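Using this note's numbering, you'd call the opening residue of the sequence shown number 1089 and step up by one each time. From the three backbone atoms N, C-alpha and C, an ideal C-beta is built for every residue, glycine too. Everything numeric in this text was worked out from a predicted model, so none of it was measured. Reading through the structure tokens given below for one structure.
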Amino acid sequence: MLDGAVRKHLDPILDRLGAALARGGVGANAVTITGLALGLVAAVLIAGQYYLAAAIVIVVSRLCDGLDGAVARATRKTDFGGFLDIVLDFAFYGAIPLGFIGADPQANGLVGGLLLFSFYVNGSSFLAYAIMAEKRAMTTDVRGAKSLYFTTGLAEATETIAAFLAFCLFPTWFPLLAALFAVVCLYTALSRIVLARTRFRDVE
């Protein structure tokens, strides 16, 4: 929901940084992999209950996630790069709740599992919609030039990062905050299913 507004302000900065990295010989895929590596470090820090340090690493990780596209735009966009970006993004999204489950399995285990379930459902609805959109040659630039069709929703990258930072800043509230965000993710998936029912009607 907030990605469009955030991108409007952040993209010019990322494009300049991405162009500088490209001139220095840094590849987009290397930035993507670095972003995941930092995300996994954040998950380990969370499991060790170093929450503030994890929050800082999460921010840097997601800056890498924005920078990889900027580097690609400054050099050459590839299908593999787009594939790698989305796969490693989902790996990051799964790692952070897993870190909170590891930090306190008794308090966070059940709701952490619920959050991962909601990510699974929301992510599959996003990817399935993209596949059907590609099949029908649908295009959109609502979230900028992407390697696959992006549908908007209540829970997008900005909201997810904000939720992760809230988890880190208020770790004792994780069960409540995670449950609320799981509901938001499931609502987003449901709204995408309703949209797909409207857009993907077959002609009799």
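Residue range of the unbroken alpha helix (DSSP H) whose run includes residue i
{"i": "Phe1288", "result": "Element bounds for Phe1288: n/a, residue is neither H nor E."}
{"i": "Tyr1139", "result": "1139 to 1162"}
{"i": "Thr1122", "result": "1116 to 1135"}
Cα-Cα separation, residue i to residue j
{"i": "Arg1280", "j": "Ala1135", "result": "33 Å"}
{"i": "Leu1274", "j": "Phe1188", "result": "20 Å"}
{"i": "Leu1265", "j": "Gly1190", "result": "17 Å"}
{"i": "Ala1216", "j": "Thr1120", "result": "23 Å"}
{"i": "Val1148", "j": "Gly1123", "result": "8 Å"}
{"i": "Asp1335", "j": "Tyr1208", "result": "Residue 1335 lies beyond the range of the chain shown here (1089 to 1292); nothing can be said about it."}
{"i": "Asp1099", "j": "Leu1172", "result": "20 Å"}
{"i": "Phe1269", "j": "Ala1130", "result": "19 Å"}
{"i": "Leu1278", "j": "Ser1206", "result": "11 Å"}
{"i": "Gly1200", "j": "Ala1267", "result": "8 Å"}
{"i": "Asp1177", "j": "Arg1289", "result": "30 Å"}
{"i": "Gly1169", "j": "Leu1155", "result": "13 Å"}
{"i": "Ala1225", "j": "Val1175", "result": "22 Å"}
{"i": "Val1132", "j": "Ile1146", "result": "11 Å"}
{"i": "Ala1125", "j": "Leu1283", "result": "35 Å"}
{"i": "Phe1258", "j": "Ile1249", "result": "14 Å"}
{"i": "Glu1247", "j": "Leu1198", "result": "22 Å"}
Given residue i as reference, the closest of the options once Cα atoms are compared
{"i": "Ile1144", "options": "Ile1101, Ala1254, Asp1099, Ala1108", "result": "Ala1254"}
{"i": "Ala1221", "options": "Ala1118, Ala1107, Gly1115, Arg1285", "result": "Arg1285"}
{"i": "Ala1118", "options": "Val1132, Ala1158, Glu1244, Gly1211", "result": "Ala1158"}
{"i": "Thr1185", "options": "Gln1137, Asp1173, Ala1225, Ala1216", "result": "For the record, residue 1185 in the displayed sequence is Pro; it is not Thr. Of the listed residues, the one whose Cα sits closest to Pro1185 is Gln1137."}
{"i": "Arg1111", "options": "Thr1246, Arg1164, Ala1131", "result": "Arg1164"}
{"i": "Phe1180", "options": "Leu1278, Ala1160, Leu1198, Leu1151", "result": "Leu1151"}
{"i": "Leu1202", "options": "Phe1262, Leu1105, Leu1109", "result": "Phe1262"}
{"i": "Gly1182", "options": "Gly1169, Ala1195, Asn1210, Ala1225", "result": "Asn1210"}
{"i": "Glu1244", "options": "Pro1193, Leu1140, Ser1213", "result": "Ser1213"}
{"i": "Ala1195", "options": "Leu1140, Asp1153, Thr1260", "result": "Thr1260"}
{"i": "Ala1160", "options": "Asp1103, Leu1198, Leu1126", "result": "Asp1103"}
{"i": "Arg1287", "options": "Thr1248, Lys1223, Leu1128", "result": "Lys1223"}
{"i": "Ala1108", "options": "Ala1250, Ala1162, Val1271", "result": "Ala1162"}
{"i": "Leu1140", "options": "Ile1101, Phe1252, Asp1192", "result": "Phe1252"}
{"i": "Gly1127", "options": "Thr1246, Asp1153, Ile1219, Leu1204", "result": "Asp1153"}
Go through the region 1177 to 1259 residue by residue and report every complete run of the beta strand (DSSP E) that reaches 3 residues or more, in order. Runs found: none.
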